[in-house]
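*Asks:*
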Amino acid sequence: MRKNIVAGNWKMHKTQKETVALLEEIIAQQTNTNAELIVAPTFVNLAKAVEITQGKGITVAAQNMHQAEGGAFTGEIAASMLTDIGVNTVILGHSERRAYFHESDALLASKVDTALKHDMRVIFCFGEELKDRQNDNHFNVVEYQLRDGLFHIDKKDWTNIVLAYEPVWAIGTGETASPDQAQEMHKFIRTLVEKVYGFDIADALTILYGGSVKPENAKEIFSKPDVDGGLIGGAALKAADFIAIAKGF
Ligand code: 13P
């Protein structure tokens, strides 16, 4: 059975005080959601988030990490530093990392390798830009992001992979892919994984949709057979909205 996940990518928001307050609200409101809840605060608030969510059924994830084991990489964070504080899930390949920090598919492939080596779960993000969709090139772009960033991994490692399809044109814009557009792309992705890795891996794979998911549209998007949850940005910063989205299952 495929797992449903609703993950909040908090991006560069929330001080430690605000992180604690938001987590306490989420914990208080999170009754009966049929999805795993993941929160991804900033690096400096991860340890605090792990402490607060202990035993509450909420997973804490990092938004990024460096590919090296350690060394002279000023300002960076290694996998072992995350697992050491109880963070075993990491978001890699977010379009903001790709666009503003020039993370290439090749770099992401090595980050994925490092995360898997540390037995971390990877939420691997990808998605086309508006021009790709306008040029009817979106399936190609997504295929190459997956082939170049992820499809070198071993079959056995897919149990630690969650995919997050986030069309760039839908992120933070208020514009959402329609449920049918999301389903069409998710089906394409699952079929691609099946071609390369076989039915069992593709069938068990959780594929999240991200891009302006809100309480008002979550239920319809999540009702699609190949959409197994969401990666939520803006709406994850309000406990009531985040929980309402999770209740879309
Ligand atoms: P929004 O939900 O704010 O569009 O952001 C989506 C996203 O980038 C999640 O990673």
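Numbering (this note's numbering), first residue to last: 1 to 249.
Note that beta-carbon positions come from the ideal geometry of N, C-alpha and C, so glycine has one too.
Note that the structure is a prediction, hence the values are computed from the model and not measured.
(1) Which whole-angstrom value is the C-beta distance of Ala40 and Gly70, which I expect to be below 8 Å?
(2) Look at the alpha carbon of Arg121 and the alpha carbon of Asp113, and state the distance between them as a whole number of angstroms.
(3) Could you tell me which whole beta strand (DSSP E) segments of length 3 or greater appear in the region 54 to 85?
(4) Keeping to the same chain, check which residues put their C-beta closer than 6 Å to that of Ala170; ignore five residues upstream and five downstream.
(5) Which of helix, strand or coil does DSSP assign to Leu37?
(6) I'd like to know whether the C-beta atoms of Leu237 and Trp10 end up nearer to each other than 9 Å.
(7) Below 8 Å CB to CB, which residues in the same chain sit around Thr206 once its five sequence neighbours on both sides are set aside?
(8) For Asn45, which of Asp241, Glu36, Thr33, Ala62 has the nearest alpha-carbon?
(9) Taking 9 Å as the threshold (C-beta atoms), are Ile221 and Ala182 in contact?
(10) How would you label Ala240, buried or exposed, when you count the other beta carbons within 10 angstroms and need 16 or more for buried?
(11) With three or more C-beta pairs closer than 8 Å as the rule, is the region 101 to 111 touching the region 128 to 143?
(12) Taking the C-alpha atoms as reference points, what is the distance between Lys247 and Ala78?
(13) Given 8 Å as the limit, tell me if Leu22 has its C-beta closer than that to any heavy atom belonging to the ligand 13P.
(14) Just jot down, in chain order, the residues whose CB lies closer than 6 Å to any heavy atom of the ligand 13P.
(15) Is Lys155 closer than 9 Å to Ile201 when the C-beta atoms are compared?
*Replies:* Judging by the given coordinates:
(1) In this structure Ala40 does not touch Gly70 by the C-beta definition: roughly 22 Å separates them, more than the 8 Å allowed.
(2) Looking at the two C-alpha atoms, the distance is approximately 11 Å.
(3) Runs found: 58 to 62.
(4) Counting only Cβ-Cβ distances below 6 Å, and skipping sequence neighbours, we find Thr176, Ala177, Gly211, Ser212.
(5) The answer is strand: DSSP assigns Leu37 an E or B state.
(6) For Leu237 and Trp10, yes; Cβs fall inside 9 Å.
(7) For Thr206, where only same-chain residues beyond five positions count, the Cβ hits under 8 Å are Arg2, Lys3, Asn4, Ile5, Val162, Leu163, Asp228, Gly229.
(8) When only C-alpha atoms are compared, the closest one is Ala62.
(9) Yes, Cβ-Cβ distance for Ala182 and Ile221 is below 9 Å.
(10) Classification for Ala240: exposed.
(11) The answer is no - the region 101 to 111 does not touch the region 128 to 143, with fewer than three Cβ pairs under 8 Å.
(12) Computed Cα separation, rounded: 34 Å.
(13) Answer for Leu22: no, Cβ out of range of the ligand 13P.
(14) Result (chain order): Asn9, His94, Glu166, Ile171, Gly172, Gly210, Gly211, Ser212, Val213, Leu231, Ile232, Gly233, Gly234, Ala235.
(15) Yes. Within cutoff.
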